[in-house]
Amino acid sequence: YEDYIENKVYESLGIRSVLLVPLIHKGKVIGVLCIGSKEIIEYDEDDLTFFQQFCDQLAVCIENARLYNEVLTSKKEWEETFRAVSEMILVVDLEGNILKYNDAAKDFFQLHLYKSEKRNFHQLLSIDVHNSPVLKMVQTKKPVYQEIHFQKRICELRAYPVFNESQHIYAIIIYINDITEKRRIEAQLVQSGKLAAIGEMAAGIAHELNNPLTAILGNAQLLLRTADDRSYKLLSDIYSCGKRCKTIIQNLLTFSRQDEYMFEDCSVNEAVEQVLGLIGDQIKKQNITIQKKLDHSLELIEGNIQQIGQIVLNLLINAKDALEEMDIPKKVISIETKSMTEDGKKWILLSVQDNGKGIEEQYLQEIFNPFFTTKRPGKGTGLGLSVSLGIAQAHGGTIEVISHPGKGSTFMLKLPAKQ
Ligand SMILES: Nc1ncnc2c1ncn2[C@@H]1O[C@H](COP(=O)(O)OP(=O)(O)O)[C@@H](O)[C@H]1O
Ligand SMILES: [Mg+2]
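My numbering puts the first residue of the sequence shown at 65, with every later residue one more than the last.
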């Protein structure tokens, strides 16, 4: 007896005889039953058989309890996973009554706001029962895919059948994924693809139109020299309309950047002066004061003066248009140049400010889009800013805008100075 350390325990408890019976499950000892007595007892065969049978039962019970715990844990694990999956999952019966749902589904459909007996999948999504993916699936016994709309969101829905042992569908698992954001990005890609296509097409058309237009303008000019009073008016009309077409074509070509320009050292101040020389008078005629504040120590940039001039022209015309219908005592356009250093890099800034009608918040995102215009047909082409931004970007720069509706706008062109 000295060999067993258990003896010490028995001794301290005053136990004098013990019977040890193994608990055996599937041939493996999973425990031992100890029966002890404070008297000295001789256990006989009968006792042993009784306790062996008892232990067999006990072993089964212990094993069952263990299995039960195992099942419970894995059930809990599975439920946790189900709850926490970021896709929405609903389990519904064949009538569409929602039996189970996860957190994502609860949050999306606000399921906690419904009384449990009212939670029906068809009602929730306002789906016509005759067109129900659930019923469709029950009929075909195949998974179903469908797109649904729920409160302005676009969702993709997949339904999978759950079969019981006798291969009957008894429930349906419905997976729902909110794809609104995905769709929006896809649409944006399509849109920018379309714009690229428009640009390419426009460039093609512009090239085609350029030659006949040159002929029209040239011939009109020739005829104007010998024209009488009546035809002079008509011919000048032809000539000015032709000119306008040419400008539009030029804009289109610049926009699609199909025409190559030489880059050389050029002065933004000079571009401003050139443009003011062109349209300064036209602006002043409309009772607009032009305030010019040019920094004469401005560095040069590497670029194309015609293109920079085109930006200035577009910004000035827009400012003039913005002032047109305004009923204010003093209409002012300020044009200013200066330089600044940012992150160790020198930049040239040109700003064109007006106290015109301003731009409404909702349009700010769109004004640089080609063909976006708020002006009446014939007046605006919606190309000015998109062309200008294209040029600025080709020069390594940007255009930014600050605007207060009813008060005015400031457009700022920012170009890298020549190193
Ligand atoms: N200075 C400005 N003040 C108010 N609105 C402006 C100004 N500049 C541009 N916009 C708005 O941006 C739009 C797009 O301008 P733009 O691309 O030059 O095309 P367009 O002048 O042909 O309409 C204009 O229609 C106008 O609504
Ligand atoms: Mg414009």
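We treat Cβ as the ideally placed atom computed from N, Cα and C, and that holds for glycine.
Taken through DSSP and simplified to helix, strand or coil, V149 comes out as coil. In this structure, N333 has its CB at a distance of at least 7 Å from all heavy atoms of ligand 2. Assignment of beta strand (DSSP E) within the stretch 148 to 194, counting only whole runs of 3 or more residues, yields 152 to 156 and 162 to 165 in chain order. DSSP places P86 within a strand segment (E or B) once states are collapsed to three. In the DSSP secondary-structure assignment, W142 is not bridged to any residue. If you draw a straight line from the Cα of Q210 to the Cα of P197, it is about 7 Å long. Q314 and I423 have their C-alpha atoms roughly 26 Å apart. Inclusion of S452 and D418 in the CB contact set at 8 Å is not warranted, their separation being larger than that value.
Taking C-beta separations shorter than 7 Å and ignoring five residues to either side along the sequence, Q121 has no partners in its chain.
Note that the C-beta distance between R147 and N161 is not below 8 Å. K72 and L84 have their C-alpha atoms some 16 Å from each other. Any heavy atom of ligand 2 counts here; residues with a Cβ closer than 7 Å to one of them, in chain order, are N378, I381, N382, D385, G444, G448 and L449.
For a cut-off of 8 Å, the C-beta gap from C219 to N195 is around 16 Å, too long to register as a contact.
With a cutoff of 7 Å, S403 does not count as near ligand 1, since its C-beta is closer than that to no heavy atom of the ligand. Put simply, the backbone Cα of I269 is about 11 Å away from that of I312.
The residue among E328, D329, E388 and I369 with its C-alpha nearest the C-alpha of K349 is E388.
The three-state secondary structure of R247, taken from DSSP, is helix.
Going by DSSP, Q210 is part of the beta strand (DSSP E) stretching over V208 to F214. A distance below 8 Å separates the beta carbons of I431 and L449. Only residues of its own chain outside the window of five on either side were considered, and among them P480 have a CB closer than 6 Å to the CB of G460, listed in chain order. With 16 or more other CB atoms across the displayed protein chains lying within 10 angstroms of its CB, A456 is buried. G373 has its CB no nearer than 7 Å to any heavy atom of ligand 1.
Taking the C-beta atoms as reference points, F115 is found nearer than 8 Å to L97.
F475 is bridged by DSSP to V416 and V465.
A residue is called buried once 16 or more other Cβ atoms fall within 10 Å of its Cβ, and K384 is buried on that count. In this structure, T438 has its beta carbon less than 7 Å from a heavy atom of ligand 1. Sorting S398, Y234 and A335 by C-alpha distance to the C-alpha of I347 places S398 at the top.
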